[in-house]
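Asks: Just so you know, the protein sequences line up as chains A and B, in that order.
If you're matching positions, the first sequence starts at 195 in my numbering and goes up one per residue.
If you're matching positions, the second sequence starts at 14 in my numbering and goes up one per residue.
The C-beta atom is built at its ideal place from N, Cα and C for all residues, glycine as well.
Here it is, the structure, as structure tokens.
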Amino acid sequence: MSRQASLAITLAKQEESESISGLLTLEQEEWKAYTGLLTKANMVRHIAFKLFGGKWNPQIDCAISGERVTSTIYAYPATPTLPYRVLASYGELSEGRVQTPVLTETVHFRLETEQGLRYPAHSLVSANWLTAYDAEGNQIPAPGITIKARSVGTAFPVYGSLQIKYRTFRTAHTLSMEARDDALEHFWSAYILGLPLGGEPVLLKFDPPPTAEELTAMAAECGGRIGLSLEWEEQDPANRVTPGKKEEVWDYCGGNFLREN
Amino acid sequence: MDASLLIALNGADSPASNESWINLEQEAIPTSQNNVSTSDLNQMLARALSGLSARSYQPDRCPSVSIDSEGTVTVTLTLYVWPSSLGLPYTLKAAGAAIGDQSAVRHHREIDVAAEGERVIGLPWITEQAEVAWQMGCFDSHSESIIPPEISVAGANVVLTKGCYGVMRLRGVALGYSYPVVCSFAKVELDPESGEYAWSATGEVTISVTASWVDAAGESRSEILEMQLPDCAKDLLELCPNDVPKVIGLFAPEQFKKRPRLRYSACTGQPIDADYVEE
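Below, the structure written as structure tokens:
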């Protein structure tokens with residue numbers, strides 16, 4: 195859009211947006227959509243493995259490696275120079291690794307002059323009005339914008355959508371924990387506490403992997419794997435046990451293990 | 014350890030005051046009742062490779078659901094009522110289900126309790142025999158470390174001698190009531206000529222439970238919980254719209270003159286009978 199070239203952009207002084215609260219934002223990396231579930235790909239590979247053999251070890255990704263769960267916690271300070279600490283109520287939290295990712299966000303104005311950003315913006319990469327109308331519904335030239343740490347503003351009320359690309363600053367912390375072995379429930383629960391110097395502490399409740407609490411409560415193994423060895427001779431299914439091979443006999447009605455030959 | 018798994022509470026941020034309140038909670042349905050696992054695949058493969066139908070495998074993972082000989086599917090769920098006071102009078106109503114007899118419950122529970130500057134923090138239930146301890150340090154509103162305040166538990170409240178930011182681990186006995194909530198789904202004849210049937214309720218079925226009580230000011234209050242049917246119950250309802258037995262032929266050794274045939278219920282996977290057919 196040609197409007198982009200004429201945009202007037204002002205980066206406001208960071209101090210303007212600072213307050214005693216909101217100095218630090220904590221976020222946990224989301225679990226994958228299939229965490230704890232059997233995917234179609236895994237299912238197909240599992241069947242192929244059972245039918246044709248191979249070395250593939252069927253695993254459902256339960257986000258539990260060994261007996262540990264590992265997750266990434268992001269801390270977004272309002273300014274990169276803000277001193278802060280991040281603690282965990284349970285588990286081990288690593289030192290922060292500095293990252294400066296470029297994020298894209300679409301901000302919708304409904305005749306306001308300011309809208310919030312999801313993360314603190316420390317430098318603007320690009321801004322592009324997708325639509326811009328005034329209060330009377332007339333299309334207008336792209337309004338100039340002002341970027342503050344956590345918000346984007348316009349000089350006058352506008353109805354439209356702004357696609358903004360900005361660089362943010364964050365530290366990534368690895369949280370690693372084992373299930374609480376003496377707990378009655380909530381084996382994987384924890385809070386992350388962010389402590390910005392001079393600012394209000396922020397708390398984030400750790401979201402354990404889907405099914406992790408249930409697996410631990412039931413003392414079950416991820417994926418419910420069982421050892422099942424099937425050997426048979428194709429032309430003679432009645433005598434499907436190859437001499438020297440192991441056969442496990444299961445009750446096909448109840449699925450209960452009966453005996454091993 | 015409690016065998017039951019409990020889902021997130023409705024209104025877990027209970028009011029930390031003397032107001033009367035009721036939290037409703039559904040006993041959680043383990044997701045393993047709903048999802049396939051490699052164990053299921055192994056079982057189905059074992060059947061297929063043995064000459065049986067893999068479809069005859071029905072994982073025993075829907076214990077809250079039963080099907081009678083008439084084809085009526087009955088789902089029994091458990092409802093917990095956590096009142097602010099055990100003597101608080103209340104009524105329960107359920108849309109689309111029957112509520113059974115009340116039982117007093119004393120559940121050992123354990124949760125993290127977050128303090129965010131307040132002195133009194135509401136718990137979702139009345140707690141007895143509470144053991145509570147700070148999980149890490151305690152901090153003031155400027156993120157400065159302070160001496161952690163003392164903690165006491167009174168009824169359904171955690172009380173601190175001073176407001177601060179931090180996390181406590183609380184273990185105690187939660188006091189409340191439980192009720193069985195029973196709903197049945199019967200077959201409904203859609204088209205007598207074609208013999209098509211449907212279930213009286215399928216799809217996204219929810220059971221709405223309302224607790225009503227009167228607070229200290231004489232105001233009527235209510236709390237509503239939408240109870241969820243287990244996904245495995247929905248699967249069963251869809252699997253057997255008309256409990257017509259399925260028939261499978263079994264492999265037979267060469268020396269057998271007849272081939273065995275098995276009839277089983279498509280709903281339950283249970284064998285009905287077997288016979289032999291001439292090859």
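If Thr405 (chain A) and Gly347 (chain A) are in contact, beta carbons under 8 angstroms, what's the gap, nearest whole angstrom?
Replies: Rounded, the Cβ-Cβ distance is 44 angstroms, inconsistent with contact.
Asks: Let me see if you follow: with CB-CB separation under 9 angstroms, is Asn6 (chain B) close to chain A or not?
Replies: This structure leaves residue 6 (chain B) out entirely; chain B is present only between 14 and 292.
Asks: Would you identify the three-state DSSP class for Lys226 (chain A), choosing helix, strand or coil?
Replies: Lys226 (chain A) falls in the coil class under three-state DSSP.
Asks: Which residues in chain B sit within 9 angstroms of Met371 (chain A), going by Cβ to Cβ distance?
Replies: The premise fails here: Met371 (chain A) is roughly 12 angstroms from chain B at the closest Cβ pair, so nothing lies under 9 angstroms.
Asks: Between which two residues does the alpha helix (DSSP H) carrying Glu334 (chain A) extend?
Replies: A small correction: the amino acid at residue 334 (chain A) is Ile; Glu does not occupy that position in the sequence shown. Premise fails: Ile334 (chain A) is in no alpha helix (DSSP H) and is neither H nor E.
Asks: Listed in chain order, which residues of the stretch 141 to 160 of chain B have Cβ atoms closer than 7 angstroms to some Cβ of chain A?
Replies: Correct list: Gln148, Met149, Phe152, Ser154, His155, Ser156.
Asks: Pull up the distance between the alpha-carbon of Gly168 (chain B) and that of Ala61 (chain B), whole angstroms please.
Replies: Cα-Cα distance, rounded: 57 angstroms.
Asks: To the nearest angstrom, how far is the alpha carbon of Asn236 (chain A) from that of His121 (chain B)?
Replies: C-alpha separation (whole angstroms): 38 angstroms.
Asks: If Leu242 (chain B) and Val88 (chain B) are in contact, beta carbons under 8 angstroms, what's the gap, nearest whole angstrom?
Replies: Sure, about 6 angstroms apart at Cβ, within 8 angstroms.
Asks: Which residues in the same chain have their Cβ closer than 6 angstroms to the Cβ of Thr298 (chain A), if we skip the five residues on either side of it in sequence?
Replies: Excluding sequence neighbours, Thr298 (chain A) sits near Lys359.
Asks: Taking only beta-carbon atoms, is Pro403 (chain A) less than 9 angstroms away from chain B?
Replies: No, Pro403 (chain A) does not count as interfacial toward chain B.
Asks: With a CB to CB cut of under 8 angstroms and the five nearest residues on each side skipped, what residues in its chain are close to Glu428 (chain A)?
Replies: Low local confidence applies: a pLDDT of 41 at Glu428 (chain A) is under 50, so the model's placement there is unreliable, with the coordinate-based value given in what follows. For Glu428 (chain A), where only same-chain residues beyond five positions count, there are no Cβ hits under 8 angstroms.
Asks: Beta-carbon within less than 7 angstroms of Ser98 (chain B)'s beta-carbon, same chain only, minus the 5 sequence neighbours each way: which residues are those?
Replies: Cβ neighbours of Ser98 (chain B) beyond the five flanking positions: Ser33.
Asks: Counting Cβ pairs, one atom from each stretch, are 3 or more of them under 8 angstroms apart for the stretch 222 to 231 of chain B and the stretch 127 to 139 of chain B?
Replies: Counting Cβ pairs under 8 angstroms, fewer than three are found: no touch.
Asks: Would you grab the beta carbon distance between Ile258 (chain A) and Pro403 (chain A) for me? Rounded to a whole angstrom, and I think it's under 8 angstroms.
Replies: Indeed they touch by this definition, with Cβ atoms about 7 angstroms apart.
Asks: Secondary structure at Met412 (chain A), three-state DSSP: helix, strand or coil?
Replies: Correct three-state label for Met412 (chain A): coil.
Asks: Comparing C-alpha positions only, which one of A:Gly285, A:Asp255, A:Thr294, A:Tyr385 sits nearest to Val319 (chain A)?
Replies: Of the candidates A:Gly285, A:Asp255, A:Thr294, A:Tyr385, the one whose C-alpha sits nearest the C-alpha of Val319 (chain A) is A:Thr294.
Asks: Alpha helix (DSSP H) containing Val56 (chain B): first to last residue?
Replies: Position check: residue 56 (chain B) holds Gln in this sequence, whereas Val was assumed. Per DSSP, Gln56 (chain B) belongs to the alpha helix (DSSP H) from 51 to 62.
Asks: Between the Cα of Lys103 (chain B) and those of B:Glu157, B:Leu90, B:Ser52, B:Ile35, spot the shortest distance and give me the residue it belongs to.
Replies: Here the sequence assigns Tyr to residue 103 (chain B), which means Lys is not the residue at that position. Cα-wise, what sits closest to Tyr103 (chain B) is B:Ile35.
Asks: Please list the terminal residues of the continuous beta strand (DSSP E) segment that includes Arg239 (chain A).
Replies: First-last for Arg239 (chain A): 234 to 246, but that is the alpha helix (DSSP H), not the beta strand (DSSP E).
Asks: Secondary structure at Asp114 (chain B), three-state DSSP: helix, strand or coil?
Replies: DSSP places Asp114 (chain B) in coil when its eight states are reduced to three.
Asks: Does Leu397 (chain A) get closer than 9 angstroms to chain B when you measure Cβ to Cβ?
Replies: For Leu397 (chain A), the answer is yes, since a Cβ of chain B falls inside 9 angstroms of its Cβ.
Asks: Using a Cβ-Cβ distance cut-off of 9 angstroms, determine whether Leu281 (chain A) contacts chain B.
Replies: So yes, Leu281 (chain A) belongs to the interface.
Asks: Chain D partners of Pro43 (chain B), CB-CB under 9 angstroms?
Replies: No chain D appears in the structure shown, which is made up of the protein chains A and B.
Asks: Excluding the five sequence neighbours on either side, which residues of its own chain have a C-beta within less than 7 angstroms of the C-beta of Tyr228 (chain A), listed in chain order?
Replies: Correct list, in chain order: Asp255.
Asks: For the putative contact between Gly290 (chain A) and Ala321 (chain A), defined by C-beta atoms under 8 angstroms, what is the C-beta separation to the nearest angstrom?
Replies: Actually they do not touch by this definition, with Cβ atoms about 29 angstroms apart.
Asks: What did DSSP end up calling Lys106 (chain B) once you bin it into helix, strand or coil?
Replies: Lys106 (chain B): strand per DSSP, three-state reduction.
Asks: Does any C-beta atom of chain B lie closer than 9 angstroms to the C-beta of His316 (chain A)?
Replies: Chain B contact via Cβ: absent.
Asks: Give the range of the beta strand (DSSP E) segment to which Gly130 (chain B) is assigned.
Replies: Counting along the chain, Gly130 (chain B) falls outside any beta strand (DSSP E), and DSSP gives it neither H nor E.
Asks: Should Asn332 (chain A) go down as buried or exposed, given a rule of 16 or more other Cβ atoms within 10 Å for buried?
Replies: The residue is exposed, with fewer than 16 neighbouring Cβ atoms inside 10 Å.
Asks: Can you tell me whether DSSP reads Cys245 (chain B) as helix, strand or coil?
Replies: Note: Cys245 (chain B) maps to helix in three-state DSSP.
Asks: Can you give the beta carbon distance from Val238 (chain A) to Phe303 (chain A), rounded, assuming they're within the 8 angstroms contact cut?
Replies: In fact, because the Cβ distance is near 47 angstroms, the residues do not count as touching under 8 angstroms.
Asks: Should Leu218 (chain A) be listed as close to the ligand ZN, given that the test is whether its C-beta is under 8 angstroms from any heavy atom?
Replies: Annotation note on the ligand ZN: not contained in the displayed structure, which lists no ligands.
Asks: Which bits of chain B does Leu387 (chain A) rub up against, with CB to CB less than 8 angstroms?
Replies: Residues of chain B passing the Cβ test: Met149, Phe152, Tyr178, Gly179, Val180.
Asks: Taking DSSP's pairing of strands, which residues face Trp173 (chain A) in a bridge?
Replies: The displayed coordinates of chain A run from 195 to 455. Any statement about residue 173 (chain A) would go beyond what the structure contains.
Asks: Check the DSSP bridge columns for His120 (chain B) and list the partner residues they point to.
Replies: DSSP, once it has assigned bridges, lists B:Ala187 as partnering His120 (chain B).
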